[in-house]
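There are 2 protein chains.
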Amino acid sequence: MKAAIIGGGVIGGGWAARFLLNGWDVAVYDTDPQADRKILDVLENARRALPAIYNKSLPAEGELRFNDEIAEVIVGADWIQESVPERLELKHVVHAEIAKHASADAVIGSSTSGFKPSELNRNETRFIVAHPFNPVYLLPLVELVGDPMQTETAAQILRDIGMYPLTVRNEIDAHIADRLLEAVWREALWLVSDGVATTSEIDEAIRMGFGLRWAQMGLFETYRIAGGEAGMRHFMQQFGPALSWPWTKLMDVPEFTPELVNLIAEQSDAQSGHLSIRELERLRDDNLVGMLRALRITGSGAGKIITDHEVRFEDPSSDELPVTAHRQIPVSWTDYNGHMNEAHFLEASAEATDRFLEMIGAGPEYVSTGKSYFTVENHVRYLAELHAGETLKIATQVLAGDGRKLHLFHNLNGVDGNLAATVETLLLHVDLNTRKSCSPDTEITKSIGQFASAHAKRAVPEGAGRFVGQRG
Amino acid sequence: MKAAIIGGGVIGGGWAARFLLNGWDVAVYDTDPQADRKILDVLENARRALPAIYNKSLPAEGELRFNDEIAEVIVGADWIQESVPERLELKHVVHAEIAKHASADAVIGSSTSGFKPSELNRNETRFIVAHPFNPVYLLPLVELVGDPMQTETAAQILRDIGMYPLTVRNEIDAHIADRLLEAVWREALWLVSDGVATTSEIDEAIRMGFGLRWAQMGLFETYRIAGGEAGMRHFMQQFGPALSWPWTKLMDVPEFTPELVNLIAEQSDAQSGHLSIRELERLRDDNLVGMLRALRITGSGAGKIITDHEVRFEDPSSDELPVTAHRQIPVSWTDYNGHMNEAHFLEASAEATDRFLEMIGAGPEYVSTGKSYFTVENHVRYLAELHAGETLKIATQVLAGDGRKLHLFHNLNGVDGNLAATVETLLLHVDLNTRKSCSPDTEITKSIGQFASAHAKRAVPEGAGRFVGQRG
Numbered sequence: 002m003k004a005a006i007i008g009g010g011v012i013g014g015g016w017a018a019r020f021l022l023n024g025w026d027v028a029v030y031d032t033d034p035q036a037d038r039k040i041l042d043v044l045e046n047a048r049r050a051l052p053a054i055y056n057k058s059l060p061a062e063g064e065l066r067f068n069d070e071i072a073e074v075i076v077g078a079d080w081i082q083e084s085v086p087e088r089l090e091l092k093h094v095v096h097a098e099i100a101k102h103a104s105a106d107a108v109i110g111s112s113t114s115g116f117k118p119s120e121l122n123r124n125e126t127r128f129i130v131a132h133p134f135n136p137v138y139l140l141p142l143v144e145l146v147g148d149p150m151q152t153e154t155a156a157q158i159l160r161d162i163g164m165y166p167l168t169v170r171n172e173i174d175a176h177i178a179d180r181l182l183e184a185v186w187r188e189a190l191w192l193v194s195d196g197v198a199t200t201s202e203i204d205e206a207i208r209m210g211f212g213l214r215w216a217q218m219g220l221f222e223t224y225r226i227a228g229g230e231a232g233m234r235h236f237m238q239q240f241g242p243a244l245s246w247p248w249t250k251l252m253d254v255p256e257f258t259p260e261l262v263n264l265i266a267e268q269s270d271a272q273s274g275h276l277s278i279r280e281l282e283r284l285r286d287d288n289l290v291g292m293l294r295a296l297r298i299t300g301s302g303a304g305k306i307i308t309d310h311e312v313r314f315e316d317p318s319s320d321e322l323p324v325t326a327h328r329q330i331p332v333s334w335t336d337y338n339g340h341m342n343e344a345h346f347l348e349a350s351a352e353a354t355d356r357f358l359e360m361i362g363a364g365p366e367y368v369s370t371g372k373s374y375f376t377v378e379n380h381v382r383y384l385a386e387l388h389a390g391e392t393l394k395i396a397t398q399v400l401a402g403d404g405r406k407l408h409l410f411h412n413l414n415g416v417d418g419n420l421a422a423t424v425e426t427l428l429l430h431v432d433l434n435t436r437k438s439c440s441p442d443t444e445i446t447k448s449i450g451q452f453a454s455a456h457a458k459r460a461v462p463e464g465a466g467r468f469v470g471q472r473g
Numbered sequence: 002m003k004a005a006i007i008g009g010g011v012i013g014g015g016w017a018a019r020f021l022l023n024g025w026d027v028a029v030y031d032t033d034p035q036a037d038r039k040i041l042d043v044l045e046n047a048r049r050a051l052p053a054i055y056n057k058s059l060p061a062e063g064e065l066r067f068n069d070e071i072a073e074v075i076v077g078a079d080w081i082q083e084s085v086p087e088r089l090e091l092k093h094v095v096h097a098e099i100a101k102h103a104s105a106d107a108v109i110g111s112s113t114s115g116f117k118p119s120e121l122n123r124n125e126t127r128f129i130v131a132h133p134f135n136p137v138y139l140l141p142l143v144e145l146v147g148d149p150m151q152t153e154t155a156a157q158i159l160r161d162i163g164m165y166p167l168t169v170r171n172e173i174d175a176h177i178a179d180r181l182l183e184a185v186w187r188e189a190l191w192l193v194s195d196g197v198a199t200t201s202e203i204d205e206a207i208r209m210g211f212g213l214r215w216a217q218m219g220l221f222e223t224y225r226i227a228g229g230e231a232g233m234r235h236f237m238q239q240f241g242p243a244l245s246w247p248w249t250k251l252m253d254v255p256e257f258t259p260e261l262v263n264l265i266a267e268q269s270d271a272q273s274g275h276l277s278i279r280e281l282e283r284l285r286d287d288n289l290v291g292m293l294r295a296l297r298i299t300g301s302g303a304g305k306i307i308t309d310h311e312v313r314f315e316d317p318s319s320d321e322l323p324v325t326a327h328r329q330i331p332v333s334w335t336d337y338n339g340h341m342n343e344a345h346f347l348e349a350s351a352e353a354t355d356r357f358l359e360m361i362g363a364g365p366e367y368v369s370t371g372k373s374y375f376t377v378e379n380h381v382r383y384l385a386e387l388h389a390g391e392t393l394k395i396a397t398q399v400l401a402g403d404g405r406k407l408h409l410f411h412n413l414n415g416v417d418g419n420l421a422a423t424v425e426t427l428l429l430h431v432d433l434n435t436r437k438s439c440s441p442d443t444e445i446t447k448s449i450g451q452f453a454s455a456h457a458k459r460a461v462p463e464g465a466g467r468f469v470g471q472r473g
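Just so you know, the protein sequences line up as chains A and F, in that order. Just so we're on the same page, the numbering used here is the position in the first sequence counted from 1, plus 1. Just so we're on the same page, the numbering used here is the position in the second sequence counted from 1, plus 1.
So this is what it looks like as structure tokens:
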């Protein structure tokens, strides 16, 4: 699959990175002489962050190229994304050029945050709004507006690259999210302009409070809870009247004087100026990765998008030991020594154990029947350091698998296949009701037996059966 | 210390839980005959969630009592918090009663989201706004407005109970956060009322996109990044003009007809009605705990509030082995088997190792001099299950500590001191520049030696020196 990115910058670069890391080839057109460098900067951030939200490796990265001709960039593209500045006449010129060269079944999306499809299109319905959110490589939301057949095709492709398409049924200025953002932006500008609060105080008012709520539930579900046991209707009755109080100044637009621009720029410098934009981006990405990984656990919001997407990734084949993990190392797994923390070696191998249990038919469905494996011992040997962004591949050998016991040996390989750690693990099959050991189902015993007899031909791995501190 | 809670409900209950879990005694006054049960429900949620964001145990919980007399509840209270419904005349009546009985140096806060101190006070300055955010036991933000001396005292106390006081310098209707919330709420109601989007679509537009940004950075810092390398000034120049576009309908208030209330209540039922409010609360809390723990790692926003607060918790003393961890088990540490996941046993013991390294002077400051300990082996024996909410206490024995090696044995004890797991760990002292082993500083060798010689008098623990699967 091929994507054409018309207009680089932060948004175009984010789209390019999202497609590339999902295995698409990407061609970029941008008149900015610095476009190459800017897009490669975004891509570098994305390579560090996006793989870290998954427990499997992303597909092999696609090929990136730059070209000075729109026609060249567009040829053969399945998705064409326009992210030029927000000037309608400019978009019309670019769209005319795109229309000349685009293949008949290509999706053509505009990243516009304000224009409606009826404004983008003149005598056609080809152009749809596909409005993403920065950083495009991490945030799943894309607002789709326009012709239903086009947006339907677009939605399918966006799901394929791990995004969340929100189809806006009625076109409206600024779609949905930016109307809400615009409201907050106006009010915030007044607060600064009137000297009520600084940019930093406003940011704290958001991130120490309702921002944490909105990241996982949004506005209405949060208020549903605020209504307590009496629910949404009660909440509306209780807080509805406040609506008619004259709290907001929102329809009055603060004049955009140089003084206001200066005031905000200076407050922003005081707040965040100690970090470069690159450092801020990485801090933001580390936070997003950590929060997204937290949301995976409950399957809420963006967490569910990730786990749904991950199922589609292929497990790499192995002609020898089964590969039970193949993933990149998130920054959140590293510690003050600048390398992957000891506990996360075990987190990765525990996931590998789960994957192996799935392979032998003892996955979640089996657990729901009231039987499972509990780990009774682990021995971890740390042989080499691993770092954020590196690939970790785990191959698992069955040492013994008779009766209630399952004895596994995980080989954790880093870059170039070097052995970075081994984890020897002993599991016991249990009845989840009595919490006592019992025999596994015969299907499972049979499946383990197949692995065990194949692996019995291999040598017992170096490091198996050793105690901590054993010499030689 | 004692807190008086006037008015229970979700907010009053949240305040009560926040104070209780930080070791304060709490007395509650509420005329609702169901107040006891409602507050105990909130407390149950809080007991499950708040301890889970810390790596040390909270202080022993304070004592909770209910009383039918305001005077009884207030006597001796250091903090009096009023959370009665948002009717100014009611607040005046309650405040008059509070003023009669409050001790001279008590802080008196009102949870009001809309009223200003000049409205709350009549001829005095005692009453300040202390406006928290639901769930009060997890979200750090409290907006303080009013007399500078009172808010200063209040801010100090709030920090002591792990909250983030934001002092609003100029009183204004709805303070800061609720002005922003009100703006979004109005716009969202229009979107629903006009049939542009449902409550569920609006929530997705928030939590799949900008909600994730705001939980960690807020509005202005996010836009600073959006400006790219050119920064905040560039962002304002690029997006400023859109301000004058007529996107928002915010000053027009949608009429609060029964039809609109029904429409929203029905959409909310369709969106979230499959979960009870209790289930939604727990889902929210699990998400918040996971996200807050993710923010701890980077020290961003609410994450830093937690780690700053945690330093104040005392380590429990032990007349025998040093206690290197004493904490409750977060829900996010459990897995599909309904118990604490194997990897998190090692996460807890890795934190215990760090704590022990601090005890011997090899903490973060030592690491910043370019030397550190790397773990080379771990052996974990799982002896009993642990569950969310239970307390975990780790006592650490030095098996050997001569030269470059440090050999530790962690005893992980659950409820009633039962041994739940042991972790035998071998560390090697390294030079962080060469990544090769080297001798520790003499101060550290000396400190290890003291522990080692004391511990040498003890028996070698059962389970040390064993290999995986060893019998007998």
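Each residue gets a CB set at the ideal place from its N, CA and C atoms; glycine is no exception.
**Prompt:** Which whole runs of the alpha helix (DSSP H) in the region 258 to 298 of chain A are 4 residues long or more, in chain order?
**Reply:** 259 to 273
**Asked** chain F beta carbons: is any one of them nearer than 9 Å to that of residue 357/A?
**Response** no
**Asked** Are the C-beta atoms of residue 134/F and some chain A residue less than 9 Å apart?
**Response** yes
**Prompt:** residue 179/A: which of 457/A, 236/A, 114/A, 207/A sits nearest, CA to CA?
**Reply:** 114/A
**Asked** Exposed or buried, which one is residue 38/F when buried takes at least 16 other CB atoms within 10 Å?
**Response** exposed
**Asked** For residue 83/F, which of helix, strand or coil comes out of DSSP?
**Response** strand
**Request:** Taking only beta-carbon positions, decide if residue 302/A is within less than 9 Å of chain F.
**Result:** yes
**Request:** Using a Cβ cut-off of 7 Å, pull out every chain A residue sitting near residue 226/F, in sequence order please.
**Result:** 278, 281, 282, 285
**Request:** May I ask you to list, following chain order, the residues of the region 183 to 196 of chain A that have a beta carbon less than 9 Å from some beta carbon of chain F?
**Result:** 183, 184, 185, 186, 187, 188, 189, 190, 191, 192, 193, 195, 196
**Message:** Give me the subset of the region 408 to 421 of chain A whose CB atoms are less than 8 Å from a CB atom of chain F, sorted by chain position.
**Reply:** 408
**Asked** Using Cβ-Cβ distances below 7 Å, what residues of the region 112 to 140 of chain F are close to chain A?
**Response** 115, 134, 135, 140
**Request:** Determine, using beta carbons only, whether residue 202/F comes closer than 9 Å to chain A.
**Result:** yes
**Message:** Once DSSP output is grouped into helix, strand and coil, what is the label at residue 164/A?
**Reply:** coil
**Asked** Where does residue 217/F land, buried or exposed, given buried means 16+ other C-beta within 10 angstroms?
**Response** buried
**Item:** Proximal chain F residues relative to residue 452/A, where beta-carbon distance stays under 8 Å
**Value:** None at all; the shortest Cβ gap to chain F is about 17 Å.
**Request:** Answer yes or no: does any C-beta atom of chain F fall closer than 9 Å to that of residue 272/A?
**Result:** yes
**Contact check, residue 379/F vs residue 383/A, beta carbons under 9 Å** = yes
**Item:** Near-chain A residues of the region 20 to 54 of chain F - C-beta to any C-beta below 9 Å
**Value:** 39, 42
**Asked** Per DSSP, residue 6/A is paired with what?
**Response** 29/A, 82/A
**Asked** What did DSSP end up calling residue 228/F once you bin it into helix, strand or coil?
**Response** coil
**Burial state of residue 323/A (16 or more Cβ within 10 Å)** = buried
**Request:** Would you grab the beta carbon distance between residue 292/A and residue 292/F for me? Rounded to a whole angstrom, and I think it's under 8 Å.
**Result:** 5 Å
**Under the three-state DSSP convention, the category residue 133/F falls into** = strand
**Prompt:** Going by Cα to Cα distance, which pick from 264/A, 311/A, 73/A is closest to residue 221/F?
**Reply:** 264/A
**Message:** Counting only C-beta atoms, is residue 16/F closer than 9 Å to chain A at any point?
**Reply:** no
**Request:** Determine the contact status of residue 63/A and residue 83/A, defining contact as a CB-CB distance below 9 Å.
**Result:** no
**Message:** Is the separation between the beta-carbon of residue 112/A and that of residue 327/A shorter than 9 Å?
**Reply:** no
**Request:** Evaluate the contact criterion for the region 184 to 203 of chain A versus the region 143 to 163 of chain F: three or more CB pairs, one atom per stretch, below 8 Å.
**Result:** no
**Prompt:** Between 43/F, 2/F, 51/F, which lies nearest to residue 27/F when the distance is taken from Cα to Cα?
**Reply:** 2/F
**Asked** Applying the criterion that 16 or more other CB atoms from any shown protein chain within 10 Å of the CB defines a buried residue, is residue 387/F buried or exposed?
**Response** buried
**Prompt:** DSSP state of residue 341/A, grouped into three classes?
**Reply:** strand
**Request:** Could you name the residues of chain F that residue 104/A contacts, counting a contact when the two beta carbons are closer than 8 Å?
**Result:** The premise fails here: residue 104/A is roughly 30 Å from chain F at the closest Cβ pair, so nothing lies under 8 Å.
**Request:** Step through the CB atoms of chain F and report whether any lies within less than 9 Å of the CB of residue 430/A.
**Result:** no
**Prompt:** On the three-state DSSP scale, how would you describe residue 64/F?
**Reply:** coil
**Request:** Starting from the beta carbon of residue 380/A, find every residue of chain F whose beta carbon is closer than 8 Å, and list them in chain order.
**Result:** 378, 379, 380, 381, 468, 469
**Asked** What three-state label does DSSP hand residue 466/F in the structure shown?
**Response** coil
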